[in-house]
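Numbering (the numbering used here), first residue to last: 30 to 305. For glycine and all other residues, C-beta sits at the position ideal for the given N, C-alpha and C.
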Amino acid sequence: MLHKGFIRYVLIPFGMAAALVAARPARGQFHIVPRERLDSLVHPALANGAQAMRFDRTRIETGHIGEDDGPKSFVFTWRNAGSKPLVITRVKTTCGCAVPSYDKRPVKPGESASVTVTYHPKGHPGSFVRKIFLFTQLAENAPTAILELAGEVIPSARPTYAYPHARGNLLLKQEEIRFDATERQVESIECLNGGNDTLRVGIDTQILPPCIRAEFTPAELLPGAIGELTVRFDPAAGKAPQRIPLFLRGLGLPPGQSAITIRIAPQNNDSKIANN
């Protein structure tokens, strides 16, 4: 990931460069950031000898990607046109949604290698241009090549905003259920399959006290479909602690990340007035 200051400047449109101001916290004053400085951050100078790293293309247009489509990978191929081996030492991107992988071996003169960038569209709707900065042994701070991944993410048609709590691909409207300790009650949580695969959600019933029963329906939750987690509480069946974790199965998560919380409100002990 690039330095926070670098990202802050990268995200500012070029047309605003002349009007860009930055605060001086010590004095509360402002100063103008020159266009040359802004351009140097967005388009840093390449390392000496960078021409040895020759790419078939330095920009890939991804076209339209659905936000629900899942990650997509794009390959940049390059050749060592120099006289010495080249080694990619690190890769930086302007967004964590663009994840690079690359050959770490020395690439000899005349040999070819590749850089793969996997784009994660979830949570990133709209047009995008992501820069990928490749560093080699030619320079520590100056990139040897700058790549671009550009396209548009089509927003999800699923109402995921209404399900703010995630347990993997299972999205929930709430992550906690509360019961009164004195009454038999039934509560439910509406859930949405926000992934691309069918979910078979189960419940770990072994650690639940006898007064708690839970079930998830339907047995198979298709992508984009809505299900329901139903929890029943019967105080007559036995005493319950004030906090009970309910672990969901079938989500591909460790137990600590798949639980919701059941809370039992303690019984109020009203003061009794003795009659003489």
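Residue i, DSSP secondary structure in three states
{"i": "Gly95", "result": "strand"}
{"i": "Thr87", "result": "coil"}
{"i": "Pro193", "result": "coil"}
{"i": "Gln214", "result": "strand"}
{"i": "Pro264", "result": "helix"}
{"i": "Gly285", "result": "helix"}
{"i": "Ala294", "result": "strand"}
{"i": "Ala179", "result": "strand"}
{"i": "Ala269", "result": "coil"}
{"i": "Ala46", "result": "Low local confidence applies: a pLDDT of 41 at Ala46 is under 50, so the model's placement there is unreliable, with the coordinate-based value given in what follows. In the structure shown, Ala46 sits in a helix (DSSP, three-state: H, G or I)."}
{"i": "Ser185", "result": "coil"}
{"i": "Glu204", "result": "coil"}
Buried/exposed call for residue i, threshold 16 Cβ in 10 Å
{"i": "Thr290", "result": "exposed"}
{"i": "Thr165", "result": "buried"}
{"i": "Asp226", "result": "exposed"}
{"i": "Val230", "result": "buried"}
{"i": "Ala265", "result": "exposed"}
{"i": "Val215", "result": "exposed"}
{"i": "Arg159", "result": "buried"}
{"i": "Thr122", "result": "buried"}
{"i": "Asp97", "result": "buried"}
{"i": "Ala79", "result": "buried"}
{"i": "Ser112", "result": "exposed"}
{"i": "Ser287", "result": "buried"}
{"i": "Arg196", "result": "buried"}
{"i": "Ala74", "result": "exposed"}
{"i": "Pro270", "result": "exposed"}
Short CB-CB distance (under 8 Å) between residue i and chain B
{"i": "Arg278", "result": "Among the protein chains of the structure shown there is no chain B, as only one such chain exists."}
Beta bridge counterpart(s) of residue i as assigned by DSSP
{"i": "Ala174", "result": "Leu163"}
{"i": "Ala243", "result": "Val260"}
{"i": "Gly231", "result": "Arg278"}
{"i": "Glu219", "result": "Glu257"}
{"i": "Leu199", "result": "Arg196, Asn222"}
{"i": "Pro250", "result": "Note that residue 250 is Leu in the sequence shown, not Pro. According to DSSP, Leu250 bridges with Leu228."}
{"i": "Leu108", "result": "The identity of residue 108 in the sequence shown is Arg, whereas the question assumes Leu. Paired residues: Arg83, Ser141."}
- prompt: With contact counted as at least three CB pairs below 8 Å, one residue from each stretch, are the segment 245-254 and the segment 167-181 in contact?
  reply: no
message: Please give me, in chain order, every unbroken run of the beta strand (DSSP E) with length at least 3 that falls completely inside the segment 110-168.
response: 117-122, 127-131, 141-148, 155-165
The segment 101-120 in contact with the segment 135-154 per 3-pair CB rule at 8 Å: yes
message: Count Cβ pairs between the segment 86-98 and the segment 124-140 that sit closer than 8 Å; are there 3 or more?
response: no
message: Does the contact criterion of 3 or more C-beta pairs under 8 Å hold for the segment 237-245 versus the segment 181-198?
response: no
message: Does the structure place the segment 69-85 close enough to the segment 107-117 that three or more beta carbon pairs sit under 8 Å?
response: yes
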